[in-house]
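In full-length UniProt numbering, the protein residues as written are 1 to 675.
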């Protein structure tokens, strides 16, 4: 029976998922049907599907519930329905970790694994290996060896993949199956050969000499499977990186020879491997780039995308090597696939000449509105790097970025543009006024608090030093009138900087500060009152200390130090010199705080401070200045791994030694040892 949906149902999405409102208790109640005789395959199949759906949706099954459902399901092995039997195998794999005594189906699975029905054998092997533990593995070892060299490809592949999973559980047992895996590696079936090679590599990957011998064997004898060739290329490139082999190595010659393979997948894998080698020069990259250039004109969209994406990565390190592909990349700008067009234009931005910038900007503007924010960010980043390369073209790129700012987009997209414009302003003084004008226009309609505060901080820093600073006052004070508390506070700080640097604007700024002192938010009122009193003194030293420079300490560190001071009262006043210096500017910390209204996650140093303060003997050491990275004192392969972390205090050094689950701390007084 076909159920028809009207237009409202289709729009609301109802009917698209028949299992949308399933309840676990109702499904488990239905599972009692498994015990009925005769077995109804169709109904049982539907119930098993519901159970698997709930498991994959993350529904929690208790051990008792899962075990009862599993035992009821085992009766379904009496049915000869092929679809139901294969669904049973799938359910066994899903419930293996939550049900008890799943091992009772071992005999049934072994029977299916060695039976005459090929359609059962492969899934039965996968299910059996999922529930087998190390104690039972030897009991099925003979069957697994036979299955690996089975003439039926699906059975052989199932056995090889299951063996690969069992390597983690019992390496020594699976290692005895190497001869069978080598025989499977000579199979005519491409998937069997691929899986056999994967198993052989994982059995030998810790022995570099054995891996090298395996590579020599298969590179000389050749393979029929393109998947196996791709794996060989990856193994060879990894071995080249570990041994620091150059282009004179036979392994590099093998990878380069794969560029002439008949299969496009193998050719691309070889080109990608050469491109990603850290030691390759532009001359050694030439054969790979030539292959990728041919793929740019391929009728297959997947190949064009792969080629232009890889060329984009090459252009980051070796732009000169990609210059020969510029004509092909320009043809891809009009590609129907917008992802390909975006990557093509960003690659051209990295490799193009100064004379081609204007033409490229016009081509970008024609399609930038059609792509997603993710690709727009890529374009903006490419424009940023291009502006650093050709600073004289800042006006063209600045106009393009300002147009992008007016378009709709998410936070990450807008932040990328703002960061790009700020970067251009900092790198190129000639673009300062133009860039500030674009940013002032943007904050008039900016919905993102983080971006508004960042731009206001920039206006306060750069605006007073422009030829006409008064024109920025209106934009800043508008934020005090219209925006949220965080933005209003940032606007007050920016206004104070204008009054401190420009005597002509000081009276007007003081009037605006008086208005800000009546704000509804206490942070805004406090800032306005503070800056009002400082500006009225008309002293450059006060302005420099309290308006321009501000605090240079770590805000989380200051909070920790103040908290520690309140816990341990003292007659001595709180000393700001005991607070560690900030690693990032205060403005960036505030913008990060406003970006995430939830509680800031503690840093690694703050965690160490809390852990050390909890130890009675270390409570008198004062605030923690710095903690080093953990240093390995033993080899990673040894039975006991020891690491050391060095904590620096004002007069003491604490060495923290971690050995397994045990931590030992040793304190050394710096003044006593004469350091």
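Just so you know, even glycine gets a beta-carbon here, dropped at the ideal spot from N, CA and C. All of these numbers come straight from a predicted model, not from anything done at the bench.
Closest by C-alpha distance to residue i, when choosing among the options
i           : options               : result
residue 613 : 644, 563 and 629      : 563
residue 405 : 377, 189 and 429      : 377
residue 400 : 411, 429, 424 and 503 : 424
residue 488 : 471, 455 and 505      : 455
residue 22  : 50, 31, 38 and 46     : 50
residue 182 : 195, 231 and 173      : 195
residue 129 : 152, 97 and 209       : 97
residue 408 : 328, 372, 479 and 277 : 372
residue 118 : 477, 154 and 107      : 154
residue 108 : 94, 95 and 125        : 125
residue 170 : 381, 135 and 667      : 135
residue 320 : 304, 348, 330 and 233 : 348
residue 676 : 567, 566 and 561      : Coverage of the chain is limited to positions 1 through 675, which leaves residue 676 absent and any answer about it impossible.
residue 350 : 329, 630, 365 and 368 : 329
residue 290 : 275, 300 and 299      : 275
residue 652 : 41, 622 and 631       : 622
residue 649 : 625, 667 and 472      : 625
residue 544 : 265, 500 and 445      : 500
residue 445 : 59, 311, 163 and 476  : 476
residue 497 : 513, 86 and 287       : 513
residue 432 : 45, 395 and 127       : 395
residue 656 : 640, 631 and 332      : 631
residue 87  : 99, 70 and 101        : 70
residue 374 : 385, 67, 414 and 57   : 414
residue 410 : 450, 441 and 389      : 450
residue 203 : 163, 241, 238 and 232 : 163
residue 205 : 232, 193, 187 and 188 : 232
residue 459 : 491, 486, 447 and 481 : 491
residue 247 : 323, 278 and 402      : 278
residue 234 : 263, 223, 272 and 306 : 272
Residue i - partner residues in DSSP beta bridges
i           : result
residue 668 : 653
residue 643 : 632 and 658
residue 663 : 658
residue 162 : In the DSSP output, where bridge partners are listed per residue, residue 162 has none listed.
residue 627 : 647
Assigned exposure category for residue i - 16 Cβ within 10 Å defines buried
i           : result
residue 17  : exposed
residue 570 : exposed
residue 12  : Reliability of the predicted coordinates at residue 12 is poor, the pLDDT of 49 falling under 50, and the value obtained from them is presented with this limitation in mind. Classification for residue 12: exposed.
residue 452 : buried
residue 556 : buried
residue 483 : buried
residue 20  : exposed
residue 280 : buried
residue 35  : exposed
residue 669 : exposed
residue 585 : Confidence in residue 585 is poor, its pLDDT being 42 and thus under 50, which makes the residue's placement too unreliable to answer from.
residue 62  : exposed
residue 166 : buried
residue 397 : buried
residue 428 : buried
residue 470 : exposed
residue 599 : Low confidence applies to residue 599: its pLDDT is 39, below 50, so where it sits in the model is not reliable, and the reading given next is rough at best. Looking at its Cβ environment, which holds fewer than 16 other Cβ atoms inside 10 Å, residue 599 is exposed.
residue 112 : buried
residue 219 : buried
residue 208 : exposed
residue 635 : exposed
residue 283 : exposed
residue 590 : Any reading at residue 590 must be qualified, since the residue scores a pLDDT of 42, below 50, and its modelled position is unreliable; no value is offered.
residue 539 : exposed
residue 47  : buried
residue 100 : exposed
residue 654 : buried
Start-end ranges of the beta strand (DSSP E) lying completely within the region 267-344, minimum 3 residues: None, since the region 267-344 contains no complete beta strand (DSSP E) of that length.
Meets three-Cβ-pair contact criterion under 8 Å: the region 519-538 and the region 432-442: Too few Cβ pairs lie closer than 8 Å, so no.
Runs of alpha helix (DSSP H) lying entirely within the region 412-475, each at least 4 residues, in chain order: With a minimum length of 4 residues, the continuous alpha helix (DSSP H) runs that stay inside the region 412-475 are 432-443 and 449-462.
Alpha helix (DSSP H) runs wholly inside the region 480-522, at least 4 long, in chain order: Whole alpha helix (DSSP H) segments, 4+ residues: 485-501 and 506-516.
Segments assigned alpha helix (DSSP H), at least 4 residues, entirely inside the region 37-113: Counting only runs that start and end inside the region 37-113, the alpha helix (DSSP H) elements of at least 4 residues fall at 41-56, 63-73, 82-95 and 106-113.
The region 22-33 contacting the region 48-62, beta-carbon criterion three pairs below 8 Å: Flag = yes, the region 22-33 and the region 48-62 touch.
Contact between the region 239-252 and the region 204-219 (3+ Cβ pairs under 8 Å): These segments touch.
contact_flag[the region 177-192, the region 151-168] where n(CB pairs < 8 Å) is 3 or more: Enough Cβ pairs lie closer than 8 Å, so yes.
Alpha helix (DSSP H) runs wholly inside the region 158-240, at least 4 long, in chain order: DSSP runs (the alpha helix (DSSP H)) wholly in the region 158-240: 171-175, 178-184, 190-204 and 208-221.
4-residue-minimum alpha helix (DSSP H) runs that sit fully inside the region 550-578, ordered along the chain: With a minimum length of 4 residues, the unbroken runs of alpha helix (DSSP H) contained wholly in the region 550-578 fall at 555-567.
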